[in-house]
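Right under this line is the structure:
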């Protein structure tokens, strides 16, 4: 024998669950941005970059996203005219910095070091040049999103 469920009871239960523990009747949005995550490392998780349009109209700079939730991993794209492929690679904590190795489009090995600098990071490495590059803390992916879209187009995926 099945029990009958009163639809009004379901509505009340749904409303109660929705409002339970909420401030001002609105549930806080869960954070999907790792930039808001707490960090045990020298560089807090998040997106950092300096991708911009160069004088020729092409994209220049680099963008990284530092992750800690599923291991120490970084996503990086290097932009020189266009943003290249995204590489997902592990990093190591060394003193007050994180270090990782990558390669350029031609396969040349590159090493990078990121250190906290204000709300962003200072990046040093083979690809950057003599002076560290300041990568601003960004609210969302920009260069990485452009690189993903480019990769999808090349693969014929919409």
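In mature numbering (1 follows the signal peptide of the UniProt record, and there is no 0), the protein residues as written are -26 to -1, 1 to 132. Cβ atoms here follow ideal geometry from the backbone N, Cα and C, with glycine treated the same way.
{"query": "Would you give the residue range spanned by the alpha helix (DSSP H) that residue 82 belongs to?", "result": "First-last for residue 82: undefined, no H or E at that position."}
{"query": "Measuring straight from C-alpha to C-alpha, what distance separates residue 86 and residue 100?", "result": "7 Å"}
{"query": "Just the Cα atoms here: how many angstroms apart are residue 10 and residue 48?", "result": "At residue 10 the pLDDT is 42, less than 50, meaning the model places this residue with poor confidence and gives no usable figure here."}
{"query": "Measure the C-alpha to C-alpha separation of residue 102 and residue 126 and round it to an integer number of angstroms.", "result": "27 Å"}
{"query": "What do you reckon, are the CB atoms on residue 79 and residue 58 nearer than 7 Å?", "result": "yes"}
{"query": "Looking at the strands, I want to know which residues DSSP matches up with residue 35.", "result": "53"}
{"query": "How long is the line joining the alpha carbons of residue 109 and residue 82, rounded to whole angstroms?", "result": "23 Å"}
{"query": "Pull up the CB-CB distance for residue 94 and residue 111, whole angstroms please, since I reckon it's below 8 Å.", "result": "5 Å"}
{"query": "Return the chain-ordered list of same chain residues with a C-beta closer than 7 Å to the C-beta of residue 32, the five sequence neighbours on each side being excluded.", "result": "55 and 56"}
{"query": "With 16 as the cutoff for other CB atoms within 10 Å, does residue 23 come out buried or exposed?", "result": "buried"}
{"query": "Which residue marks the beginning of the alpha helix (DSSP H) containing residue 43, and which one marks its end?", "result": "Counting along the chain, residue 43 falls outside any alpha helix (DSSP H), and DSSP gives it neither H nor E."}
{"query": "Inspect the beta-carbon positions of residue 17 and residue 90 and report whether they are closer than 7 Å.", "result": "yes"}
{"query": "What separation, rounded to the nearest whole angstrom, lies between the Cα atoms of residue 72 and residue 88?", "result": "5 Å"}
{"query": "Going by DSSP, what residue range makes up the alpha helix (DSSP H) through residue 126?", "result": "117 to 129"}
{"query": "Just to check my reading of the structure: residue 51 and residue 121 have Cβ atoms closer than 8 Å, yes? What is that Cβ distance to the nearest angstrom?", "result": "4 Å"}
{"query": "What are the partner residues of residue 22, as DSSP defines its beta bridges?", "result": "38 and 111"}
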